[in-house]
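> Sharing a structure here in structure tokens format.
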Amino acid sequence: MARIYVGAIAAFLAISVGSWAVATTGEPDRSAKLAEFRRPDAIPFPEENPYQAAKAELGRALFFDPILSRDGERTCATCHIPGQSWTDANARAPRNDGGVMEFRTPTLLNAAWTEGTYGWDGKFRSLEVVARTPLTSPSNMNLTPEEMVRRVSADSAYVAAFEKAFPGGGSPVTQEHIEQALATFQRLIVSGPAPFDRWVEGDARAVDAAAKRGFDLFVGKAHCSACHSGWTFSDGSFHDIGVAQGNDIGRARFFPTSTALRYAFKTPTLRNVAGRAPYMHDGSRKTLDEVIDLYDRGGIDRPSRSRDIRPLALSAEEKADLIAFLKTLDDDRSADAASRPFGPEPPEP
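Residue numbers (the UniProt record's numbering): 1 to 349.
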């Protein structure tokens, strides 16, 4: 009995000391939770398409060159605009005929860390395929692979750049090499350090009290981190959050018998989110306030809805705190990959 009693006293003292530490600092200990969102040390590149500076430079040139569009008027940057966090301000991406596409333009920020497939509904199996599809799509760049290769091969400067990026003999200008160069450049599109990151690294003054309360809600009551996890604030998976309806079935397009994947779309990164309106895969929410209101209501209640989506009963102050936190994820240099020099090693994120 004595040992049990002593153990109980020790436990009581530990709890008391812990409570005292919180009281004296005025801050709860969030270190473990914050560590889950720490920025990585390096950018990951696949073995089949490793980093090379010449390849990145080539990819950058191709990204901004209308030579890859049939009418010579569109580039990758037509929709993925550097100054707009590598997306655009449209609810849905613009087609080349004046219409709109099925989904909103996804940001290219931190694409190197995307888990599994790419795209709102996961139709792209790699970033290289992401580069391919818009180039050949009739509604987008509308260029056949053969014409693409012919045009680039007719430019002596491009031929020299391809020979440098893909040495080893043979014809350097191929559809595969164009895709690999574009994907290499896109993996270098990384959001810069934000106030939140400085807080993670120990600067308690980097974010204000409202943002800190918002973080507590984000990882607690609001359940946001169940899907928006890791340093990019995305689990790379697909969830029905109660927005889509009708034939807008998301991932279930490829898995029609799956109830869980019906109306499920890929979790987007929250980096630079405050400057990336409108929101959702269909651009249906114009402001972060509307997004928070949607989650607070819990979206459409149906069998496919994620188990982490449910009414939250947030107060007006809690909603404001969540938005204050989300704003701490914005950097001030998201366009750097458009102009910075690429060295022998990829820059740290």
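Where is the CB? At the ideal position from N, CA and C, for every residue including glycine.
Could you work out which residue in L143, N110 and L326 is closest to F196 when comparing CA atoms only?
Of the listed residues, the one whose Cα sits closest to F196 is L326.
> Just checking, does the stretch 50 to 65 make contact with the stretch 166 to 184 on the three C-beta pairs under 8 Å criterion?
They touch, by the three-pair rule.
> Leaving out five residues on either side along the sequence, give the residues of the same chain with a beta carbon under 7 Å from the beta carbon of D41.
Correct list, in chain order: E348.
> Helix, strand or coil: which one does DSSP assign to K221?
It is coil, neither helix nor strand.
> Less than 8 Å between C-beta atoms, sequence neighbours within five positions excluded: which residues of the same chain meet that for D97?
Same-chain partners within the cutoff: S139.
> Relative to the C-alpha of F233, which residue among R74, L261, R70 and S191 is closest?
With distances taken between Cα atoms, F233 lies closest to S191.
> Residues in the same chain with beta-carbon distance under 8 Å from S315, minus the five sequence neighbours each way, listed in chain order, please.
Once the five neighbours on either side are set aside, S315 has no close Cβ partner at all.
> May I ask you to report which of helix, strand or coil DSSP gives H177?
Three-state result, H177: helix.
> Is DSSP giving Y118 helix, strand or coil here?
Strand, per DSSP.
> Quick one: what's got a C-beta closer than 8 Å to A91's C-beta in the same chain, skipping five residues either side?
Hits under 8 Å: V100, R104, P278, D282, G283 and S284.
> Taking the CB atoms as reference points, tell me whether T133 and R125 lie closer together than 8 Å.
Contact flag unset, no.
> Would you mind giving the Cβ-Cβ distance between A204 and L312, rounded to the nearest angstrom? I have them listed as a contact below 8 Å.
At roughly 27 Å, the Cβ-Cβ gap does not stay under 8 Å, so A204 and L312 are not in contact.
> DSSP has F238 in a bridge; who is on the other side?
DSSP output for F238 lists K266 as bridge partner(s).
> Using DSSP with H/G/I as helix, E/B as strand and the rest coil, what is R74?
Coil.
> Starting from the Cα of V291, find the closest Cα among L270, P256 and A157 and give me that residue.
Nearest option by C-alpha distance: L270.
> In three-state terms, what does DSSP make of P167?
Three-state result, P167: coil.
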